[in-house]
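First residue of the sequence shown? That's 11 in the working numbering, and the numbers climb one at a time after it.
Here's the structure we're looking at; comments come further down.
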Amino acid sequence: MRIEYNWQYSEVFEPIFDFKGRYIALTGGRSSGKSWFVAHFLLEKLMYKKIDLLCCREHQNSISESNYKLFVNIIKKYSLPYEVQATRIISKSTGSVIVFIGLSDITADNVKSYEDFGLVWVEEAQKISKKSWDNLNPTIRSQGAQIFITMNPEVTHGKHPIMSELTTIYRNKTLHIHVNYDKNPFVSKDIIEMAELTRINKPDDYKVIWLGQPDDNMGNLIIKGFTEQNKRKLYYQKDLDLHISCDFNYDPMAWVFFHKDQNKIYVFDELIKEHTTTKDCAHEVIDRYGGHKGAIILNGDAAGNQHNCMATNPDLTNFKIIQRKLENHFGRHVDIKIHRGNPHKIKRFEAFNNLVKRYDGEICFYIDPDKCKWTVYNIENAKYKEGTREVDEPTINDIKKDRNKKFLIHPLDAVTYPAEYYFPIK
Numbered sequence: 011m012r013i014e015y016n017w018q019y020s021e022v023f024e025p026i027f028d029f030k031g032r033y034i035a036l037t038g039g040r041s042s043g044k045s046w047f048v049a050h051f052l053l054e055k056l057m058y059k060k061i062d063l064l065c066c067r068e069h070q071n072s073i074s075e076s077n078y079k080l081f082v083n084i085i086k087k088y089s090l091p092y093e094v095q096a097t098r099i100i101s102k103s104t105g106s107v108i109v110f111i112g113l114s115d116i117t118a119d120n121v122k123s124y125e126d127f128g129l130v131w132v133e134e135a136q137k138i139s140k141k142s143w144d145n146l147n148p149t150i151r152s153q154g155a156q157i158f159i160t161m162n163p164e165v166t167h168g169k170h171p172i173m174s175e176l177t178t179i180y181r182n183k184t185l186h187i188h189v190n191y192d193k194n195p196f197v198s199k200d201i202i203e204m205a206e207l208t209r210i211n212k213p214d215d216y217k218v219i220w221l222g223q224p225d226d227n228m229g230n231l232i233i234k235g236f237t238e239q240n241k242r243k244l245y246y247q248k249d250l251d252l253h254i255s256c257d258f259n260y261d262p263m264a265w266v267f268f269h270k271d272q273n274k275i276y277v278f279d280e281l282i283k284e285h286t287t288t289k290d291c292a293h294e295v296i297d298r299y300g301g302h303k304g305a306i307i308l309n310g311d312a313a314g315n316q317h318n319c320m321a322t323n324p325d326l327t328n329f330k331i332i333q334r335k336l337e338n339h340f341g342r343h344v345d346i347k348i349h350r351g352n353p354h355k356i357k358r359f360e361a362f363n364n365l366v367k368r369y370d371g372e373i374c375f376y377i378d379p380d381k382c383k384w385t386v387y388n389i390e391n392a393k394y395k396e397g398t399r400e401v402d403e404p405t406i407n408d409i410k411k412d413r414n415k416k417f418l419i420h421p422l423d424a425v426t427y428p429a430e431y432y433f434p435i436k
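Set out below in structure tokens:
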């Protein structure tokens, strides 16, 4: 029985319907319609043929971080015959199953349980590691199986673990389509306006974000566009909310202090301390801001909500240690506002970059360079490893040659956690 399911798509995707090869790679910038097309295409396919679909990405802390919601929205919109369960989706007409996994949590042995799946969708493939790809690719052994790859490229294809293979050794088995928002007939006027503003105000970002054309010669700096305009003398205000963003590490500990409004963050102080404990740093907060009148909010590393075996009471987490100490001093509740699990670092850095200078040219991040020298040092010096999106963390030998590098990365984490928590890129 055929089900009436009429959906429209850009003609650029037309070759996919007749392609019988193993790999279908869709690359390009944001709002190109890649994910939307693949979700529709696969849902239609699974309604008429018994074939299981594995949807995977590098990291998936919860089902909400997958493309599960996209499938559910389409199913509801068109009243498609699928049973939507908490962690998977089942076709009522064929029994086909859609499951969602994070490849970073799957070993070479675990992934073998998916070897009979006939369809795979690797989402946000720009973040897939070589290890994950090497585990996944040879595991999918079903005759005629197809692997869909969607990605917004961050490095050139020759430096990407998947695209480097698809454009060389598997090129005869690969259909590669590059598409951008300007080829999407359904893109909204708001998106077109946003892209145009980015082209004017942040031309390098426009090439990467909207055209999917990474430039390996742009340099490896993690934070781009940070200038003297982001630096200004800032003053602590005792009646405003006091935010403390924490990255927990024995040596060094890195906390930043900030106020915020509806769309801006103002970092006015930092606490960067060697050979210390969470309890000692909480004392330091009281020494500096013991007379604070406004609310106090703790932000930062979600791992700080895990048990602290170094504490006198191992049942206390790092955040609970701070909360208890501050509540005892101030005599009122101290909020803890963190994610249940940390999002991928790339998401944090993207959100922070968007505050440093937004697509419309507005600056939404300010920092006091005199009181926050190590945080500024991180913003100006933290880099990715050459040709990757892996953070280039200093080695022991690097630190021996330049002691400043001991203070690299942890302050960057502390200052970028609240950017992603309060102002995530949607």
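No residue lacks a Cβ here, since even glycine has one placed at the ideal position from N, Cα and C.
Relative to the C-alpha of residue i, which residue among the options is closest?
| i | options | result |
| --- | --- | --- |
| TYR432 | ALA361, ARG334, GLY371, LYS395 | ALA361 |
| GLU284 | ASN363, ASP271, SER139, PHE258 | PHE258 |
| VAL366 | LYS415, GLU337, ALA429, GLY341 | ALA429 |
| ILE85 | SER255, TYR15, PRO353 | TYR15 |
| HIS349 | LYS416, ASN364, PHE329 | PHE329 |
| GLY112 | GLU390, LEU146, ASP345 | LEU146 |
| GLN95 | LYS79, THR160, THR104 | LYS79 |
| ILE201 | LEU129, PHE127, GLY39 | GLY39 |
| ASP144 | GLU133, SER114, HIS343 | SER114 |
| GLY351 | SER72, GLU24, GLY43, LEU63 | SER72 |
| GLU134 | GLU164, GLN153, SER152 | GLU164 |
| ASN452 | SER101, THR149, TRP384 | Any property of residue 452 remains undetermined from this structure, which presents the chain solely from 11 to 436. |
| ILE214 | GLY300, ASN363, GLU54 | A quick correction: the sequence has Asp, not Ile, at residue 214. The candidate whose alpha carbon is nearest that of ASP214 is ASN363. |
Tell me the DSSP secondary structure of residue i in three-state form.
| i | result |
| --- | --- |
| TRP17 | coil |
| VAL132 | strand |
| GLU175 | helix |
| ARG440 | Since the displayed the chain opens at 11 and closes at 436, residue 440 lies outside it and no answer follows. |
| VAL121 | helix |
| LYS283 | strand |
| CYS374 | coil |
| TYR216 | helix |
| VAL277 | strand |
| ILE61 | coil |
| LEU252 | strand |
| THR237 | coil |
| LYS455 | The chain is shown from 11 up to 436; residue 455 falls before or after that span and cannot be answered. |
Since residue i is in the beta strand (DSSP E), which residue starts that stretch and which ends it?
| i | result |
| --- | --- |
| GLN156 | 156-161 |
| ALA312 | Segment: none, ALA312 is in no beta strand (DSSP E) and carries neither H nor E. |
| HIS188 | 184-188 |
Which first and last residues belong to the alpha helix (DSSP H) in which residue i is found?
| i | result |
| --- | --- |
| GLU203 | 199-211 |
| GLU390 | 383-391 |
| ILE406 | 406-411 |
| HIS420 | 420-432 |
| SER142 | 140-146 |
Check the DSSP bridge columns for residue i and list the partner residues they point to.
| i | result |
| --- | --- |
| SER101 | TYR92 |
| SER400 | The sequence as given places Glu at residue 400; Ser does not occur at that position. Answer is none; GLU400 lacks a bridge partner. |
| ARG67 | GLY112 |
| ASP257 | ALA264 |
Whose C-beta lies closer than 6 Å to the C-beta of residue i among residues of the same chain, with five residues either side of it excluded?
| i | result |
| --- | --- |
| MET173 | HIS167 |
| HIS339 | ILE296 |
| ALA155 | GLY128 |
| ASP279 | PHE267, LYS381 |
Excluding the five sequence neighbours on either side, which residues of its own chain have a C-beta within less than 8 Å of the C-beta of residue i, listed in chain order?
| i | result |
| --- | --- |
| HIS293 | LYS335 |
| ASN182 | GLY31 |
In chain order, what residues of the same chain lie with their CB nearer than 7 Å to the CB of residue i, ignoring the 5 residues before and after it?
| i | result |
| --- | --- |
| LYS243 | ASP378 |
| PRO353 | GLU430 |
| PRO195 | SER20 |
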